[in-house]
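Asker: Pasting in a structure now, in structure tokens, and then I'll have a few things to ask.
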Amino acid sequence: MERVGALQEKARQIRIDTLDMILSSGSGHIGGSYSACDILVALYYDVMKISKDPADPDRDRFVLSKGHANPVLYAILMDVGYVPKTAKNTLRQFGSPFQGHPDSAVCPGIDCTTGSLGQGITVGVGMALGLKKQHGSQRVFVVTGDGELNEGVCWEAFMAASNFELDNLTIIIDRNMIQLGNNTEKLMKLGDLRGKMESFGFMVDEIDGHDFNALLPALEKKTVGKPHCIIARTVKGKGVSYMENNVAWHGGVPKGDQIAQAYAELGGTYNE
Amino acid sequence: MSEKRATRHGFYDGLVALARDHEDVYAVDADLGSATGSSIFQKAFPERYIDVGIAEQNLVGISVGLARVGIVPFCSSMAVFVVGRGFEIIRNAVAYSRINVKIIGSHTGITAASDGGSHQAIADLAAMRALPNMVVLSPCDYNQAKKMASVMYSHEGPVYLRTSREPVENVTSEEDEITLGRAQKLRSGKDVCIIATGMMTVLAVRASQILESEGIDATIINIHTIKPLDTESIREEVIACKGRVVVCEEANMFGGLSEAVASSLVEENDIVFAQVAIEDRFGQSGATATILEEYGVTPEAIAQKARRVVHH
């Protein structure tokens, strides 16, 4: 499984780049970046048809609806060459393409400005519908948080996705079970999420969101006439033991000994 | 006097004509096509008409997605709902993102009379004016609304268009040229400058006829572009009328055209300013004529304010 091994190594590097960026900025959402990291790596380095030119209209589209997880996306956009690596230490700084939440107007390769939760889903549905109307073969992939699904507009958009038979649309739910304030099932329970998505007309797969052997076939899958939903069971803060499944690491930044431990566990070194 | 027609229908007649030459023009609605007028487009181009159901957030969000893949979507609902419930999506996904989405709010002001206050948009101008990157248009009659489709299409970026349910006579002609961002002079006078937008322009023209019979010679300026506002022409015309100005809008008195005009005049001396607008109340059901009378938005109310500034 050379393919999977290469993706695992890529994900390790991207997690380190993400940590570098958050440390240099002094803020940023690391927990949700790490839960979504393997999903994004599978998409950008294997499943999606991307192009050297971020403005190429024929490439597949990606929407990070959980826009606060942008450090991991920024790390990838630099690695694939959409944004110069000189931007790495500018996260959340004045004039940076790496705004606190993704802004398509200033950052090449961002297909949708996000940050306001729920919006990436409704816009992603519109993109998929527009591509279908124009008989395009491009696919649209949207990564959403689970807490994000508290927003009503997500369900308006899900209804529309199946109504318009958007089989070019894949919604990936980063099911890390933690939102800002608490466990999702304690704060505003999502309950039978699979059943909910199926009842909204989606073809649903539920997989381990850190296992590339499960991610790749699920992301490649298309069902004629139906939008696809992948419930990716993930671990918030995946990769750094003290962050994992800990609500405190929604927006925390490692300090002191935590920094060295994080790099050690990720197999990297801290270049201050 | 010409046949009375509504701006909500004029706009979609114009959009159908535009769409014949531009395949990227789509209309999107939230199950109110017969009310907003978009059903006119649906009949002409069913394959380019998208109904998202009763979901105004999704109406705007889907339109943004369409725009992001090269379509020029014109999305509509009653202004109360598309501007109100859709506001944060308009704010972040359209205006902040500088996306080429056109938003049409119908049933503005209090002349959606029988539907009652829940359906009468009086704060849409204030809300849309407050957003950076947003162009705000308000045609005065059917002929002008019809031209708005191509004006909006030619402007790359977010636009809000305000339409009305109320049929009114045309005060502009099919031949009149309009330019985005430019005030339009409909009548040249010297005693008072009446600045109006939307249906109020039609009432202002009627008011000028009352005033003329009393020996008051009014300038009538129609503002079809509320943002960006043609402040230079406004200043010139008001000064030419001895600083006397009456601003008329079918919207709440705060945040709309009146305050925009007042802002443009604050550095001028000897301005006498009056406003005809809804005086910080919600609307209610009733016959249109009754409602207009109750809320003080009539030709006579405009004439009365004009007399007051003239005899100040």
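For the protein sequence lines, the chains are A and B, in the order given. Going by this note's numbering, the letters in the first sequence line up with residues 1 to 272, in that order. Going by this note's numbering, the letters in the second sequence line up with residues 273 to 584, in that order. By construction, the Cβ of each residue, glycine as well, lies at the ideal position given by its N, Cα and C atoms. Since the structure is predicted, the reported quantities are computational estimates derived from the model, not experimental observations.
Would you tell me roughly how many angstroms separate the C-alpha atoms of P345/B and M424/B, rounded to the nearest one?
Answerer: 11 angstroms
Asker: Relative to the alpha-carbon of C513/B, which residue among T469/B, R478/B, I495/B, V582/B has its alpha-carbon at the smallest distance?
Answerer: V582/B
Asker: Would you identify the three-state DSSP class for G31/A, choosing helix, strand or coil?
Answerer: Here G31/A sits in helix by DSSP.
Asker: Between S530/B, G342/B, D552/B, which has its C-alpha nearest H135/A's C-alpha?
Answerer: G342/B
Asker: Using a cut-off of 7 angstroms between C-beta atoms, extract the partners of C112/A located in chain B.
Answerer: R340
Asker: Our contact map puts Y368/B next to T114/A with C-beta atoms below 8 angstroms; I'd like the distance itself, whole angstroms only.
Answerer: So it is not a contact: roughly 11 angstroms between Cβ atoms.
Asker: Taking only the alpha-carbon atoms, compute the straight-line gap between G588/B and F554/B and give it to the nearest angstrom.
Answerer: This structure does not reach residue 588/B, given that chain B is present from 273 up to 584, and the question cannot be answered.
Asker: For Q134/A, would you say it is in contact with chain B, using Cβ-to-Cβ distances shorter than 8 angstroms as the test?
Answerer: yes
Asker: Can we say the stretch 173 to 180 of chain A touches the stretch 357 to 377 of chain B, given the rule of at least three CB pairs closer than 8 angstroms?
Answerer: no
Asker: Got a sec: is the Cβ-Cβ distance from E165/A to anything in chain B below 8 angstroms?
Answerer: no
Asker: At 7 angstroms on the CB atoms, spell out the chain B contacts of S116/A, in chain order.
Answerer: Residues of chain B whose Cβ lies closer than 7 angstroms to the Cβ of S116/A are, in chain order, E360, N364.
Asker: Please confirm if the stretch 84 to 95 of chain A is in contact with the stretch 56 to 68 of chain A, defined as three or more CB-CB distances below 8 angstroms between the two stretches.
Answerer: Segments in contact, no.
Asker: Taking L131/A as the query, report the chain B residues whose CB atoms sit under 8 angstroms from its CB, ordered along the chain.
Answerer: V341
Asker: Less than 8 angstroms between the beta carbons of G337/B and L216/A, yes or no?
Answerer: No. Outside cutoff.
Asker: Smallest Cα separation from D79/A: which of H101/A, Y270/A, P108/A?
Answerer: P108/A
Asker: Taking H127/A as the query, report the chain B residues whose CB atoms sit under 8 angstroms from its CB, ordered along the chain.
Answerer: Residue 127/A is actually Met in this sequence, not His. Simply G337, L338, R340, V341.
Asker: Whose C-beta lies closer than 7 angstroms to the C-beta of E265/A among residues of the same chain, with five residues either side of it excluded?
Answerer: G239, V240, S241
Asker: Relative to the C-alpha of C347/B, which candidate in S335/B, A339/B, F353/B, R340/B has its C-alpha closest?
Answerer: S335/B
Asker: Excluding sequence positions up to five away, which residues of its chain have a Cβ less than 7 angstroms from the Cβ of S436/B?
Answerer: A278, T279, R280, T380, G381, T383, G470, M471
Asker: Return the Cβ separation of A269/B and E148/A in integer angstroms, given the expectation that the two are a contact with Cβ distance under 8 angstroms.
Answerer: Nothing can be reported for residue 269/B, as the shown portion of chain B is limited to 273 through 584.
Asker: Let's test the definition: count the other Cβ atoms within 10 Å of the Cβ of E521/B and tell me whether it reaches 16, buried, or not, exposed.
Answerer: Buried.
Asker: Relative to the C-alpha of N150/A, which candidate in G181/A, V142/A, K133/A, K189/A has its C-alpha closest?
Answerer: K189/A
Asker: Go through its chain and collect everything with a Cβ distance to E438/B's Cβ below 7 angstroms, but skip five positions before and after it.
Answerer: A278, T383, M471, T560
Asker: Can you tell which of M400/B, S530/B, A417/B has the C-alpha that lies nearest to the C-alpha of G282/B?
Answerer: A417/B
Asker: May I have the straight-line CA-CA distance separating S410/B from A549/B, to the nearest angstrom?
Answerer: Using only the alpha carbons, I get a separation of about 15 angstroms.
Asker: Helix, strand or coil for G470/B per DSSP?
Answerer: coil
Asker: Using alpha carbons as the reference points, say which of C229/A, R61/A, T86/A, T144/A lies closest to S104/A.
Answerer: Measuring from the Cα of S104/A, the nearest candidate turns out to be R61/A.
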